[in-house]
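Residue 121 is where the sequence shown starts when you use our numbering, and the numbers rise one by one after that.
In this text, a Cβ means the ideal position worked out from N, Cα and C, and glycines have one as well.
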Amino acid sequence: MQANEDKLNELATRPVGRLLWEYSLPAVVGMLVMALYNVVDRIFIGQWVGPDAIAGLAITFPLMNLATAIGVLIGVGSSARVSIVLGAGRSDQAEELLGNAFVLTIINGIIYIGLFVLYLDPLLRLFGASDVTLPYARSYMLVLMPGCLLTNLAYGLNNVMRASGYPKRAMMTMLIGAVVNVVLDPIFIYVFDWGIAGGALATDIAMAVSAAFVMAHFCRKNVTVRFRRGIYRLHWHTVLGIISIGAAPAVVNAASCIVNAIANNALLGYGSDRDIGAAGIMVTYTSLLVTIVLGLCQGMQPVVGYNYGAGQLHRLRRAYLLAVASASVVTGIGGIYGLLWPAEIGRVFTTDADLIASTDRALGICLAVFPFVGFQIISTSFFQSIGNATESIIVGLLRQVIFLIPLLIFLPREFGLNGVWMSFPMSDAVATIVTFFLILRQFRKLKARTLPVMVPGKGV
């Protein structure tokens with residue numbers, strides 16, 4: 121076990137920049153791989169099935185966000201706690217977190233999949249499905265739902281793997297699934313002519329492969345944190361510790377369902393199914409950029425969490441600032457590209473002239489403030505990493521809920537379809553300003569007092 125202890129000690133001793141690079145690069149690759157599942161599906165579906173299928177796929181985003189929220193609740197919460205307790209030298213509690221996270225994922229997955237099956241059509245109608253797009257959305261979700269549980273397992277436990285000192289292995293487990301998905305997508309959609317359902321089936325199989333590799337890692341005897349007897353019984357303090365940190369990103373994902381419902385219905389009311397399709401392309405493009413930033417968050421999280429647990433404020437601060445700088449480069453370059461060449465992005469997903477024109481209009485407005493989004497996402501993750509659930513939830517909800525929902529309700533009344541698109545950059549701008557003052561206040565608090573070094577035996 122000496123090798124495992126040395127691996128963890130690196131988080132407190134090696135140069136922060138090098139650590140951030142070594143943990144973030146595999147995390148970024150792994151997150152990009154995750155994004156490829158959706159991007160590849162949408163490209164093949166848009167090019168070979170048609171623009172109505174792209175719009176139908178966009179209708180499924182809220183349900184997929186709900187499923188993701190469950191995975192994020194457990195995955196992010198457990199991995200952040202694992203980093204903190206390992207930093208305090210409590211490996212037994214890290215394994216308890218692993219076991220409880222596994223059981224919670226299974227239970228929650230069974231519950232939400234059952235509810236989705238029972239109320240699928242009403243939910244899709246609520247999220248803006250028309251008579252044209254409903255069959256596509258229903259076909260996709262009916263096949264994809266079993267894979268949602270596999271996604272939660274693969275994503276959640278992959279985070280724990282990374283937090284316990286295995287970033288490269290975490291990357292490889294997701295990369296394997298992505299290769300399977302890329303290979304199967306054209307076969308199922310085009311060769312077998314299974315259409316949109318074929319894309320969902322390819323994703324299911326790919327996630328099953330990733331989940332199997334992640335589970336195999338924790339069955340090894342020589343890893344830092346592993347499956348063993350006695351860790352699967354749910355303990356209230358452990359479950360509460362997971363949920364308190366994972367609540368912020370989970371609430372953001374769940375709340376985005378409300379945002380999607382409002383946005384899709386506004387787009388349908390002031391525009392058409394083509395505009396919903398354009399929103400789907402916009403979300404796909406921005407999600408690809410956000411995915412890179414989330415990879416940086418995952419690389420930052422064990423460094424910040426471990427050093428917070430060990431009481432090393434200077435290393436914590438440096439990790440945060442380096443992550444913010446890197447994320448701002450990503451969202452800056454991506455945002456400027458989308459503003460300058462929006463139609464080119466649309467052509468990747470479709471050959472339909474109306475859908476390309478709608479995408480050109482959407483991206484040209486929505487990405488105006490996107491370069492600052494990286495700072496806000498990193499700040500949300502920073503609060504999670506140090507166990508500050510309240511600020512994490514607030515910052516996470518600012519741009520996607522607290523400011524965006526009122527803007528989506530009132531701006532379209534004055535500016536029509538353009539008002540829908542204008543809501544996004546205006547929300548980003550105000551949220552960035554508020555986040556800046558919250559993060560400034562947090563660092564002043566940390567500087568004013570000694571960080572609490574965790575004491576063994578005092579709970580997770």
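Residue 367 holds the alpha-carbon nearest to the alpha-carbon of residue 514 among 367, 471 and 480. Within the same chain, 543, 546 and 547 come within 7 Å of residue 527 by CB-CB distance, once the 5 residues on both sides are set aside. With a cut-off of 8 Å on Cβ pairs, the segment 206-226 is not in contact with the segment 249-258, counting fewer than three such pairs. Sorting 152, 147, 176 and 135 by C-alpha distance to the C-alpha of residue 392 places 176 at the top.
Where residue 432 is concerned, there is no enclosing alpha helix (DSSP H), because DSSP gives it neither an H nor an E. Straight across, the Cα-Cα distance linking residue 387 with residue 475 is about 13 Å.
In the three-state scheme derived from DSSP, where H, G and I count as helix and E and B as strand, residue 412 is classed as helix.
Taking C-beta atoms under 8 Å as the contact rule, residue 417 and residue 497 qualify, at a distance of about 7 Å. If you ignore the 5 residues before and after residue 462, its C-beta comes within less than 7 Å of the C-beta of 479, 480, 483 and 484, all in its own chain and listed in chain order. The C-alpha of residue 472 lies about 46 Å from the C-alpha of residue 139. Only residues of its own chain outside the window of five on either side were considered, and among them 408, 411, 412 and 415 have a CB closer than 8 Å to the CB of residue 152, listed in chain order. Per DSSP, reduced to three states, the secondary structure at residue 506 is coil, with no helix or strand assignment. Between residue 425 and residue 203, the C-beta spacing is below 8 Å. By the criterion of a C-beta distance shorter than 7 Å, residue 325 is surrounded in its chain by 300 and 304, once the five residues flanking it on both sides are discounted. Under the 10 Å beta carbon count, residue 337 is surrounded by 16 or more other beta carbons and is classified as buried.
Take the alpha-carbon of residue 310 and the one of residue 493: they are about 37 Å apart.
For residue 566, the enclosing alpha helix (DSSP H) has its first and last residue at 537-568. Taking each of 518, 516, 558 and 453 in turn and checking the Cα distance to residue 490, the smallest one comes out for 453.
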